[in-house]
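Asks: Residue numbers (the working numbering), protein chains in the order written: chain A, 1 to 315; chain B, 316 to 630; chain C, 631 to 928; chain D, 929 to 1226. Structure in structure tokens, see below.
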Amino acid sequence: MTLAAQSPGGGPDLSLRLAGLTLGFPVINGSGTFDAIAALRTFGDGLRESFPFAAFVSKTITPHPRGGNRPPRLWETPAGMINSIGLPNKGLEGFLAHDLPELGTLAVPLVVSVAAFDHDGFARMVETVGARPEVAALELNVSCPNVKSGCVMGSDPRETAELLEHVRPRTGKPLIVKLTPNVSDIAPIAIAAEQGGADAVSLINTLRALAIDHVSGRPALGAIRGGLSGPAVRAIALDMTHSASSSVSVPVIGMGGIQCGRDALEFFDAGANCVAIGTENFRDPVAGLRVRDELAAALAERGHGALQRVVAPAR
Amino acid sequence: MTLAAQSPGGGPDLSLRLAGLTLGFPVINGSGTFDAIAALRTFGDGLRESFPFAAFVSKTITPHPRGGNRPPRLWETPAGMINSIGLPNKGLEGFLAHDLPELGTLAVPLVVSVAAFDHDGFARMVETVGARPEVAALELNVSCPNVKSGCVMGSDPRETAELLEHVRPRTGKPLIVKLTPNVSDIAPIAIAAEQGGADAVSLINTLRALAIDHVSGRPALGAIRGGLSGPAVRAIALDMTHSASSSVSVPVIGMGGIQCGRDALEFFDAGANCVAIGTENFRDPVAGLRVRDELAAALAERGHGALQRVVAPAR
Amino acid sequence: MTLPESDVAELEPGIAAAQPGPRTPAPLGRRACPVTLSEPVGRYRMIGLEDRGGPTPLPGQFYMLACADGWGSDLGGERPYLPRAFSVCRVRGARLDFLIDVVGPGTERLASMALGERAWALGPLGIGFTAPDGVESSAPGARALLVGGGIGIAPLVIWNEALAGNVSNVALGFRDEEFAAAASLLGANVSLATDDGSVGHAGLVTDLLSEQLERNSDRNSDRNSAVVVYACGPPAMLDAIRRICTERGVPAQLALEQAMACGYGACFGCVVRTRDGYRRLCVDGPIVAASDLHEEWQ
Amino acid sequence: MTLPESDVAELEPGIAAAQPGPRTPAPLGRRACPVTLSEPVGRYRMIGLEDRGGPTPLPGQFYMLACADGWGSDLGGERPYLPRAFSVCRVRGARLDFLIDVVGPGTERLASMALGERAWALGPLGIGFTAPDGVESSAPGARALLVGGGIGIAPLVIWNEALAGNVSNVALGFRDEEFAAAASLLGANVSLATDDGSVGHAGLVTDLLSEQLERNSDRNSDRNSAVVVYACGPPAMLDAIRRICTERGVPAQLALEQAMACGYGACFGCVVRTRDGYRRLCVDGPIVAASDLHEEWQ
Ligand SMILES: Cc1cc2nc3c(=O)[nH]c(=O)nc-3n(C[C@H](O)[C@H](O)[C@H](O)COP(=O)(O)OP(=O)(O)OC[C@H]3O[C@@H](n4cnc5c(N)ncnc54)[C@H](O)[C@@H]3O)c2cc1C
Ligand SMILES: Cc1cc2nc3c(=O)[nH]c(=O)nc-3n(C[C@H](O)[C@H](O)[C@H](O)COP(=O)(O)OP(=O)(O)OC[C@H]3O[C@@H](n4cnc5c(N)ncnc54)[C@H](O)[C@@H]3O)c2cc1C
Ligand SMILES: Cc1cc2nc3c(=O)[nH]c(=O)nc-3n(C[C@H](O)[C@H](O)[C@H](O)COP(=O)(O)O)c2cc1C
Ligand SMILES: Cc1cc2nc3c(=O)[nH]c(=O)nc-3n(C[C@H](O)[C@H](O)[C@H](O)COP(=O)(O)O)c2cc1C
Ligand code: FES
Ligand code: FES
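Below, the structure written as structure tokens:
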């Protein structure tokens, strides 16, 4: 790990080991909410020196290229937003050829998020991506509400177990399963993921939502439905983080509406071992570093015990 | 119906028939978010003359008295709140003896919300309450996230069907089934309710959520978990309203975060035949009348066709 | 950490009976009232709202307040979202004065209101204090003993004014001298206690109360029934007062607080545990007889 | 009503290639900039932000802006929640001027900022305009023809200043005379069109463009390649310009708009359909060659 584990003010060491990765601090990004390549073009090499996250999670890639959904793709809601991006990506080959080499130059561990529409596709993704040395871990997106298969695989414990059975043998790299909140009870699904050999679970993905255009009275988004994220979902994400962390012993990466260090601390209090920043990146591209510093300050206020609990190696 | 169907400014007639009830306008209250008896004590008889809703839905009553959950019971969240009230009520007998006579004096149709922890309990509630002449309709609360049984019955189509099988024969009065949003897909549950003989479905109840106290790092609510409501959940409620209304032909009562007429219109656009106001009542006790007037104005702006669509008798 | 998994409803306490209490009903609907007074009082701020249409509240009643604009003004739609409860502190014509202690986003926003800005006010809500001669188990001709802690002085100010000459003593506790400056709202005849001893007794205001009751009973073993204690302040202080008064058989009326969403009985969120079950403070309080409280009401 | 049930992803368009374009990179992180100018310009408002640390933007680049306080200020945490995109309109020393058309909660809040209030600014973002001689298929010595509709004049102001003498003509369309007052930002040599004919040509600004191009080609059948059109305005106007310019073989650079969440390529929300797939306007725009757009880009 080359990342400074200290906050600029000389704060405490927040480094941790998580699912086989070494992280300088317990804050990463949510898949699809930060594009390191586009950010390098926008901000230049300054981004390398103060990369906002302790690991970088790529946007979800699929076996074949996807353009994504028809615009409009964004809609603002009270304390949140709906997106219907639709997993645009260059496909497995395009990703390996064009994006992976550049992502491999980042100073932080790289987690590649993958999705597919059947077990074999998933297995192929995991095997091919997992074999690349630039890749530190894989995240299985079984939860994207925009794509039918994702929903199905991640909303049923048996489906989740079967998927893991297929993909787990294909790589020795850590596998993180990203859970969907569109379920009655997230605990059995987290348990299925753990029993299937997942090294960590991350949650929550977005909640299925609809936007109506006031003038026309018609759906506002090109794809009709989308996924809700931002502070509006935080209390739901906290509940599911608590449910998941009480039912599995692999580490839990909590996310959903985190805006500041105090919000992050709530997730640790609910049992998370690491947090991820999603929508807040859109408002502040260095939200990850800010949350790290605010978290360090909030922990310091709580005293030494609190700090240890957060940075302790995952149970 | 004695209620003025006109907005004070002499707006359009918004009256409708819904599941056998005649409503002066398509705005009612969400169960548990308005206590007409306490409101009469607070506001005096002025409340009778301008009762804020076209029908009154009671707080959920259960077979036996319940004190409700240990306080604290309320927590504020971004654009919303969590409650862990825990269905306090006087029980069936207490309700019939003390509350029902007073509720029967209201000028609007009375809907009594009932819940129980097994099918027989539910059946007894429906039969006994349904037999009372003051009662215009019953709402089955199969969705309260605070009480275990509610969660189970309303989160599975088969459970819902079985419940309806038990209770439907016990009353000739209209039955409204109130759906829980804590499910992967609400459509099959709405369909099960319809096939079981429900006269309408209402949705959404609150979403399971957790609040953490920042100082202690412990759950802030006495009952640990609670239910999220308010504008934060509106986009989720709209999606489920759309799902439900696309899959059943009984009327749909939409709710979740409605604050103003424009919000209400979104629910009609998504397929609702009537809306209910919940949390917004806490901020404004006459929110129901305000939403009615704002809705009338918004419809007028859209033109005649829009108005007809909303007040048309349910499909 | 693993949180406790229990989310089973606590069933035993039941729902308490409705309280009659003195009550001025509220007009139906919140009113947009302009701010016509804003002044510091010690470390608190007094905000006056011009409530032209509204009735005169009874001492002990409260209002739900929210700024008409900028309620929920943090980046990202953070709190405050719900209105907040405030005891009426003074009435000056149509102006209702509220004394505000800034403890979070809602009180911060309210205290920062500029003259002419408007706030939504719903009220008067709840039941007010009962005068000494109306209080059960008080002796004829009983006089009032007012005890306040911190911002708890707010409802005592209007009550003190209403009782006029019928107050035997006022004892107030504050963190320090700066906060204690607000004691001037209750006139000159006030015993003070501060945590840091910067003014008055160094210690708890309940020490002053005990002393006072001691003095009363010295004079006449039956005299404690000749006072009624009216108290408002932090829960720990109110519980101490409850215990002191119970022990001595002194009737006490406590003005309690609990987080509120609606203020008019709609949400069942504001309960406190009494001997006959959970009582909603907004409709059956906030004034509660000390003897009604359950031992473990806190 | 039953909404269409389809939520199948539209797969065909693919993702467009990254665009080089002229670009001044943004410092990493948003900056809190005080408002040092606020003045009406016709029916718009010019807001100046003092951006001491920031670099000088290129004409056509934009910033993501949000007020530091009171962003999301409606009761109940309503919008605005995300920052909003604004083209830089003028640069005066360290001051960046933005011309704002109030169309919703975000623009309303920004336009109402008082002097000294602070706004978050992230930028400069995206790619700027390319000067006539750098534009593919333009003739050597080509001159610029600026066409703006409504608030679309904002990026043309700074571009007009940068091109200095190299602008052959400026044609602007507005709703009416009141809005048209903003044309003064582009100097005196401007052709005007208004919807209601209250000033200039009664009709569309594209009429003025056609006329101008007609005149050019009258003079010399090959002269249309000697102009490059730079346009910003409502989508329908830009599409008309795209068609007119394609027909006549005139190169055109269009400044497009799309709702944005991030402004730096993170969300994939701001796409427009080009011939080689969906292009993110924030990193590969907002300046797009008319010839790159898909026929059904709107
Ligand atoms: C009947 C009554 C009368 C009152 N009279 C007065 C008065 O005259 N003057 C006065 O100053 N105050 C009075 N209060 C108290 C006042 O209502 C509260 O101080 C106020 O509601 C605090 O709001 P806030 O937004 O400033 O702070 P909050 O942050 O809402 O409140 C601070 C408290 O709430 C808790 N809290 C933190 N986060 C949350 C959250 N997300 N959701 C819910 N709670 C949270 C904290 O633990 C803390 O105890 C009265 C209360 C009642 C019930
Ligand atoms: C690159 C670029 C440069 C720009 N430059 C300028 C400029 O220089 N000056 C200027 O005035 N404007 C400029 N704009 C436009 C400006 O960004 C928008 O007008 C602004 O974002 C509107 O925000 P608002 O909150 O005021 O209104 P909104 O209400 O957010 O926007 C109004 C539009 O959004 C839609 N809408 C309504 N509700 C929602 C919702 N809940 N979520 C999402 N959309 C909704 C409406 O259909 C309407 O078309 C630029 C935009 C871009 C992309
Ligand atoms: C615009 C956008 C795109 C997203 N794309 C993906 C994605 O490709 N894969 C994925 O697993 N999650 C995706 N997510 C979900 C986020 O990673 C995250 O789980 C969710 O937004 C909740 O966190 P937040 O509230 O902090 O944004 C996306 C979210 C947003 C807002
Ligand atoms: C304090 C509170 C108490 C509630 N009690 C009940 C109840 O007893 N029965 C029920 O079916 N729903 C209950 N609900 C759910 C509401 O009726 C409504 O479905 C939900 O709050 C969503 O609407 P809203 O966002 O407009 O509040 C309660 C909600 C709140 C906030
Ligand atoms: S505050 Fe809602 S019931 Fe008392
Ligand atoms: S605005 Fe987010 S990618 Fe362009």
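Even glycine gets a Cβ: it sits at the ideal position worked out from N, Cα and C.
1. Using the Cα positions of Lys178 (chain A) and Arg1020 (chain D), report the straight-line distance between them to the nearest angstrom.
2. I'd like the list of long-range same chain contacts for Ala244 (chain A), defined as Cβ closer than 8 Å, with 5 residues on each side in sequence excluded.
3. Out of D:Gly1197, D:Gly1131 and D:Arg1007, which has the shortest C-alpha to C-alpha gap to Leu221 (chain A)?
4. So, does the CB of Ile943 (chain D) fall closer than 8 Å to a CB anywhere in chain A?
5. What does the alpha-carbon distance come out to for the pair Leu1209 (chain D) and Leu525 (chain B)?
6. Output the boundary residues of the alpha helix (DSSP H) element that contains Arg124 (chain A).
7. Given a cut-off of 8 Å on the beta-carbon distance, is the pair Pro643 (chain C) and Arg903 (chain C) in contact?
8. At a Cβ cut of 7 Å, what residues of the region 278-292 of chain A count as close to chain D, listed as they run along the chain?
9. So with Cβ pairs under 8 Å, would you call Val901 (chain C) a contact of chain B?
10. Just the C-alpha distance for Ala856 (chain C) and Asp414 (chain B), rounded to the nearest angstrom, thanks.
11. Residues in the region 62-85 of chain A with C-beta within 9 Å of chain D's C-beta atoms, listed in sequence order?
12. Indicate whether the contact test is met: 3 or more Cβ pairs, each with one atom in the region 592-599 of chain B and one in the region 346-362 of chain B, closer than 8 Å.
13. Return helix, strand or coil for Cys892 (chain C), following the three-state DSSP convention.
14. Given a cut-off of 8 Å on the beta-carbon distance, is the pair Leu667 (chain C) and Asp727 (chain C) in contact?
15. Taking DSSP as the reference, what is the three-state secondary structure of Trp390 (chain B)?
16. I want to see whether chain A comes within less than 8 Å of Leu1120 (chain D), judged by CB atoms only; does it?
17. For Gly382 (chain B), count neighbouring C-beta atoms within 10 Å of its own C-beta (all shown protein chains included) and say buried if the count is 16 or more, exposed if not.
18. For the region 150-166 of chain A, which residues have a CB atom closer than 7 Å to at least one CB atom of chain B, in sequence order?
19. Going by beta-carbon coordinates alone, are Arg1023 (chain D) and Gly976 (chain D) separated by less than 8 Å?
20. Taking 8 Å as the threshold (beta carbon to beta carbon), is Gln1226 (chain D) in contact with chain A?
21. From the beta carbon of Ala889 (chain C), is the nearest beta carbon of chain B less than 8 Å away?
22. Where DSSP assigns a beta bridge to His831 (chain C), which residues make up the other side?
23. Measuring from the CB of Leu92 (chain A), is there a heavy atom of ligand 4 at a distance below 7 Å?
24. Using CA atoms only, rank isn't needed, just tell me which of D:Ala1130, D:Cys1190, D:Leu1113 and D:Pro1052 is closest to Ile1081 (chain D).
25. Please confirm if Ala960 (chain D) has its CB atom under 8 Å from at least one CB of chain A.
26. Should Val530 (chain B) go down as buried or exposed, given a rule of 16 or more other Cβ atoms within 10 Å for buried?
27. At 7 Å on the CB atoms, spell out the chain D contacts of Pro88 (chain A), in chain order.
28. Could you check what DSSP says for Met992 (chain D) in three-state terms: helix, strand or coil?
29. Can you name the residues that DSSP bridges to Leu923 (chain C)?
30. Counting Cβ pairs, one atom from each stretch, are 3 or more of them under 8 Å apart for the region 506-515 of chain B and the region 479-488 of chain B?
31. Determine, for Ile191 (chain A), whether the minimum Cβ-Cβ distance to residues of chain B falls below 8 Å.
32. What does Val427 (chain B) pair with, by DSSP beta-bridge criteria?
33. Excluding the 5 residues flanking Asp577 (chain C) on each side, which residues of the same chain have their C-beta closer than 8 Å to its C-beta?
34. Would you mind sorting Pro133 (chain A) into buried or exposed? The rule is 16 or more other CB atoms within 10 Å of its CB.
35. Apart from the five residues just before and just after Gln574 (chain B), which ones in its own chain have a Cβ nearer than 7 Å to its Cβ?
36. So, is Val462 (chain B) buried or exposed, given that buried needs 16 or more other C-beta atoms within 10 angstroms?
Replies: Quick look at the numbers:
1. Looking up residue 178 (chain A) in the first sequence gives position 178. Looking up residue 1020 (chain D) in the fourth sequence gives position 92. If you take the alpha carbons of Lys178 (chain A) and Arg1020 (chain D), they lie about 48 Å apart.
2. The residue labelled residue 244 (chain A) in the question sits at position 244 within the first sequence. Around Ala244 (chain A): Leu179, Ile186, Ala187, Ala190, Val201, Leu203, Val252 and Gly271.
3. Start at 1 with the first residue of the first sequence, and residue 221 (chain A) comes out as number 221. Ranking the options by Cα distance to Leu221 (chain A), first place goes to D:Gly1197.
4. Along the fourth sequence, read from residue 1 onward, the residue named residue 943 (chain D) stands at position 15. Closer than 8 Å: yes.
5. For this step, residue 1209 (chain D) is matched to residue 281 along the fourth sequence. For this step, residue 525 (chain B) is matched to residue 210 along the second sequence. So the alpha carbons of these two residues sit roughly 38 Å apart.
6. Counting from 1 along the first sequence, the entry for residue 124 (chain A) is found at position 124. Residues His119 to Gly130.
7. One-based indexing of the third sequence puts residue 643 (chain C) at position 13. One-based indexing of the third sequence puts residue 903 (chain C) at position 273. Cβ distance < 8 Å, so Pro643 (chain C) and Arg903 (chain C) count as in contact.
8. Look at the region 278-292 of chain A: the residues with a C-beta under 7 Å from a C-beta of chain D are Asn281, Phe282, Arg283, Asp284, Pro285 and Val286.
9. On the third sequence, residue 901 (chain C) is found 271 positions in, with the first residue counted as 1. By this cut-off, Val901 (chain C) is an interface position.
10. By one-based count along the third sequence, residue 856 (chain C) stands at place 226. By one-based count along the second sequence, residue 414 (chain B) stands at place 99. In a straight line, the C-alpha of Ala856 (chain C) is about 39 Å away from that of Asp414 (chain B).
11. His64, Pro65, Arg66, Gly67, Gly68, Asn69, Arg70, Pro71, Pro72, Arg73, Leu74, Trp75, Glu76, Thr77, Pro78, Ala79, Gly80, Met81, Asn83, Ser84 and Ile85
12. yes
13. As a working mapping, residue 892 (chain C) is identified with position 262 in the third sequence. Looking at Cys892 (chain C) - three-state DSSP - the assignment turns out to be coil, as it is neither helix nor strand.
14. Within the third sequence, the letter at position 37 stands for residue 667 (chain C). Within the third sequence, the letter at position 97 stands for residue 727 (chain C). Contact: yes.
15. Here the question's residue 390 (chain B) lines up with position 75 in the second sequence. Secondary structure at Trp390 (chain B): strand, using DSSP grouped into helix, strand and coil.
16. Taking the fourth sequence and counting its residues from 1, one reaches residue 1120 (chain D) at position 192. Leu1120 (chain D) does not count as touching chain A.
17. As a first step, residue 382 (chain B) is located in the second sequence; it is residue number 67 there, counting from the start. With 16 or more Cβ atoms within 10 Å of its Cβ, Gly382 (chain B) is classed as buried.
18. Of all residues in the region 150-166 of chain A, Ser155 have a Cβ within less than 7 Å of some Cβ in chain B.
19. Here the question's residue 1023 (chain D) lines up with position 95 in the fourth sequence. Here the question's residue 976 (chain D) lines up with position 48 in the fourth sequence. Yes, these two residues count as a Cβ contact at 8 Å.
20. By 1-based counting over the fourth sequence, the position of residue 1226 (chain D) is 298. It does not: the Cβ of Gln1226 (chain D) has no partner Cβ on chain A nearer than 8 Å.
21. As a position in the third sequence, residue 889 (chain C) is number 259, starting the count at 1. Judged by the 8 Å Cβ criterion, Ala889 (chain C) is in contact with chain B.
22. Position 201 of the third sequence holds residue 831 (chain C). Note: His831 (chain C) sits in a beta bridge opposite C:Ala823.
23. Residue 92 (chain A) sits at position 92 when you count from the first residue of the first sequence. No.
24. For the purposes of this step, residue 1081 (chain D) is taken as the residue at position 153 of the fourth sequence. Minimum Cα distance to Ile1081 (chain D) is reached at D:Leu1113.
25. Position 32 of the fourth sequence, counting from 1, holds the residue named residue 960 (chain D). No, no contact with chain A.
26. Counted from its first residue, the second sequence places residue 530 (chain B) at position 215. By the 10 Å Cβ count, Val530 (chain B) comes out exposed.
27. Position 88 of the first sequence, counting from 1, holds the residue named residue 88 (chain A). The contacting residues are Ile943, Phe1196 and Tyr1206.
28. The sequence position of residue 992 (chain D) within the fourth sequence is 64, counting from 1. Looking at Met992 (chain D) - three-state DSSP - the assignment turns out to be strand.
29. Taking the first residue of the third sequence as 1, we reach residue 923 (chain C) at position 293. Beta-bridge analysis with DSSP links Leu923 (chain C) to C:Thr904.
30. yes
31. Sequence index remark: in the first sequence, residue 191 (chain A) carries index 191 (1-based). It does not: the Cβ of Ile191 (chain A) has no partner Cβ on chain B nearer than 8 Å.
32. One-based indexing of the second sequence puts residue 427 (chain B) at position 112. DSSP output for Val427 (chain B) lists B:Leu453 as bridge partner(s).
33. In the structure displayed, chain C extends from 631 to 928; residue 577 (chain C) sits before or after that span and is not available.
34. Numbered from its first residue, the first sequence carries residue 133 (chain A) at position 133. So Pro133 (chain A) counts as exposed.
35. Taking the first residue of the second sequence as 1, we reach residue 574 (chain B) at position 259. Within the same chain, Gln574 (chain B) has close Cβ partners Pro546 and Glu595.
36. What you label residue 462 (chain B) is simply residue 147 of the second sequence in a count that begins at 1. Below a pLDDT of 50, predicted positions are generally treated as unreliable, and Val462 (chain B), at 47, falls in that range; the measurement from the model is reported next regardless. Classification of Val462 (chain B): buried, given that the 10 Å Cβ count is 16 or more.
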